[in-house]
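Colleague: Numbering (this note's numbering), first residue to last: 1 to 392.
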Amino acid sequence: MQNDTEIKELLVRKFKELYGSGDCRIFFAPGRVNLIGEHTDYNGGHVFPCALTIGTYAAVIKRQDRKLRFFSVNFEGKGVIESSIDDLVYSEAAGWTNYPKGVMWAFKEKGMELPSGLDIVYYGNIPNGSGLSSSASIEVLTGFLLKELYGFDVSNIDLALIGQFSENKFNGMNCGIMDQFASAMGKRDHAIFLDTATLEFTYVPIRLEGIKIVIANTNVKHTLTSSKYNDRRRESEAGLAELKKVCGISSYGDMDNAMFSKYGSAIKDEICYRRARHAVSENIRTIDAVKALNANDLATFGKLMNESHVSLDRDYEVTCDELNAMAEAEWQQEGVIGARMTGGGFGGCTVALVKEDKVDDLISAVGRKYFEKTGIKADFYVVSIGDGPYEL
Ligand code: GLA
């Protein structure tokens, strides 16, 4: 993996080549991996993600006029895509630039209009479509560079909220706050224990002596991911509406498993019932997992990760054959503390905690088993937990 200095050189070179001057500023925002607490962030529950040291970079200068010029090293074939700050509307043709444009639109909606256009070159080192939040990192990065260039008075939590708002309202994906929050608020060697109902959070040190965080990429992304995601959200909301009629809760985060046993039968639709059961049980698992981690009880943390995967498979139905094959192969492997799918699902990655001296064995054995079962070559990344956005 290239370091910041190499990436800076690459971006300055590209910037000069495309826009004629190398006199640009360079910013970074991270991707994220979620350790536990999946599909709880729009259900009033807890999440436990951390920012990664991989993410998205941008080289940028302000222009004198109102033009916007975008280029991505990851989509070189698309060339320079031109727009303007008077044309901040979603369009299919705008492709990946709908993410930065969405953030600029969101700033305007919040009363922070851009005074001038920009020339930008983006480059991301998060594998495409891996579910490690490349889109959230572009959103947070774009918000951060706007703040730095134009001096807008926004906090990093505001940047997360603006990113989510743009993704919901501009790009039509009804995501929760987890990804943008993890990217904007990341802290090196810490995971973020976030209550999505209140945005209260604590940083939990992840000093795992002799243990590595290993991400395994299934290298599949199933179609209709965002529409299936929006379906899950609707099904959960329908279940919640039934529960609200019989007990005084405002979100699934207000319930524990015992309460769900008592009132759950109010949800007559079998699918909505299972979605609700996941929302409640996953939130409790996340709270318990953080307790276990704080008590240095990694075995319990790992067991809860495994249970999270099973619940996401059976109750929430957001895994897929490839994710199940990967997690199952990991569970069989010596030195694995716990493993589960991470992120939205329907493809993407698993995350596992693995004893350091067993990581190589895991990569070769799981890679082989996964290939035998699916015919697809998996990729593995041993990742580090990094900081939120910064200027290089
Ligand atoms: C996606 C969304 C997040 C969250 C996860 C599932 O990554 O963007 O808001 O809902 O899925 O936990």
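We put the CB at the ideal spot given by N, CA and C, even for glycine.
Taking 8 angstroms as the threshold, find out whether the region 1-13 comes into contact with the region 120-130 through three or more Cβ pairs.
Modeller: Yes, the region 1-13 touches the region 120-130.
Colleague: The ligand GLA and residue 175: does any heavy atom of the ligand fall closer than 6 angstroms to the residue's C-beta?
Modeller: Yes, the beta carbon of residue 175 sits closer than 6 angstroms to at least one heavy atom of the ligand GLA.
Colleague: Would you report the Cα separation of residue 16 and residue 329, rounded to the nearest angstrom?
Modeller: If you take the alpha carbons of residue 16 and residue 329, they lie about 47 angstroms apart.
Colleague: Compute every distance between the C-beta of residue 39 and the non-hydrogen atoms of the ligand GLA, then say whether any falls below 6 angstroms.
Modeller: Indeed, a heavy atom of the ligand GLA lies less than 6 angstroms from the Cβ.
Colleague: Should residue 189 be listed as close to the ligand GLA, given that the test is whether its C-beta is under 6 angstroms from any heavy atom?
Modeller: Residue 189 Cβ: outside cutoff for every heavy atom of the ligand GLA.
Colleague: Inspect the beta-carbon positions of residue 374 and residue 322 and report whether they are closer than 7 angstroms.
Modeller: Yes.
Colleague: For the putative contact between residue 350 and residue 365, defined by C-beta atoms under 8 angstroms, what is the C-beta separation to the nearest angstrom?
Modeller: About 14 angstroms separates the two Cβ atoms, so there is no contact after all.
Colleague: Using the beta-carbon count (16 or more within 10 Å), is residue 164 buried or exposed?
Modeller: It is buried - the Cβ of residue 164 has at least 16 other Cβ atoms within 10 Å.
Colleague: Contact check, residue 99 vs residue 135 under 8 angstroms by CB: the rounded distance?
Modeller: Yes, they are in contact, since the Cβ atoms of residue 99 and residue 135 sit about 6 angstroms apart, within 8 angstroms.
Colleague: Using the Cα positions of residue 142 and residue 38, report the straight-line distance between them to the nearest angstrom.
Modeller: About 26 angstroms.
Colleague: Taking only the alpha-carbon atoms, compute the straight-line gap between residue 83 and residue 54 and give it to the nearest angstrom.
Modeller: Using only the alpha carbons, I get a separation of about 28 angstroms.
Colleague: Considering only their Cβ atoms, is the gap separating residue 266 from residue 246 smaller than 7 angstroms?
Modeller: Contact: yes.
Colleague: Please classify residue 199 as buried or exposed, where buried requires at least 16 neighbouring CB atoms within 10 angstroms.
Modeller: When all chains shown are included, residue 199 counts as exposed.
Colleague: List in chain order: all unbroken beta strand (DSSP E) runs of 3+ residues lying wholly within the region 328-352.
Modeller: Listed in chain order, the complete beta strand (DSSP E) runs (minimum 3 residues) inside the region 328-352 are 336-342.
Colleague: If I follow the unbroken alpha helix (DSSP H) through residue 309, where does it start and stop?
Modeller: 298-314 is the extent of the alpha helix (DSSP H) around residue 309.
Colleague: Near residue 217, what residues of its chain come up, given a Cβ to Cβ distance below 8 angstroms and the 5 sequence neighbours on each side ignored?
Modeller: Around residue 217: 127, 130, 348, 349, 378, 379, 380, 381.
Colleague: Of all the alpha helix (DSSP H) runs that stay within the bounds of the region 172-240, which reach a length of 4 or more residues?
Modeller: Whole alpha helix (DSSP H) segments, 4+ residues: 178-185.
Colleague: In whole angstroms, give me the CA-to-CA distance for residue 162 and residue 232.
Modeller: If I take the Cα positions, the gap works out to 23 angstroms.
Colleague: Using only alpha-carbon positions, find the residue among 333, 208, 48, 119 that is nearest to residue 23.
Modeller: Closest option to residue 23, Cα to Cα, is 119.
Colleague: Along the alpha helix (DSSP H) that carries residue 6, what are the first and last residues, could you check?
Modeller: Unbroken alpha helix (DSSP H) run through residue 6: 4-19.
Colleague: Which residue comes first and which comes last in the alpha helix (DSSP H) that contains residue 260?
Modeller: Where residue 260 is concerned, the enclosing alpha helix (DSSP H) stretches over 257-263.
Colleague: Is it the case that the region 238-255 contacts the region 32-47, given that we only count it when at least three CB pairs across the two stretches are under 8 angstroms?
Modeller: Yes: the two stretches touch, three or more of their Cβ pairs being nearer than 8 angstroms.
Colleague: State the start and end residues of the unbroken alpha helix (DSSP H) segment that holds residue 400.
Modeller: Within the shown structure, residues of the chain are numbered from 1 to 392, placing residue 400 beyond reach of any answer.
Colleague: With respect to the alpha helix (DSSP H) encompassing residue 395, which residues constitute its N-terminal and C-terminal limits?
Modeller: Since the displayed the chain opens at 1 and closes at 392, residue 395 lies outside it and no answer follows.
Colleague: Starting from the C-beta of residue 219, find all residues in its chain whose C-beta is less than 6 angstroms away, skip the five residues before and the five after it, and write them out in chain order.
Modeller: The answer, listed in chain order, is 376.
Colleague: For the region 355-363 and the region 204-212, state whether three or more C-beta atom pairs, one from each stretch, are separated by less than 8 angstroms.
Modeller: Touching, per the Cβ criterion.
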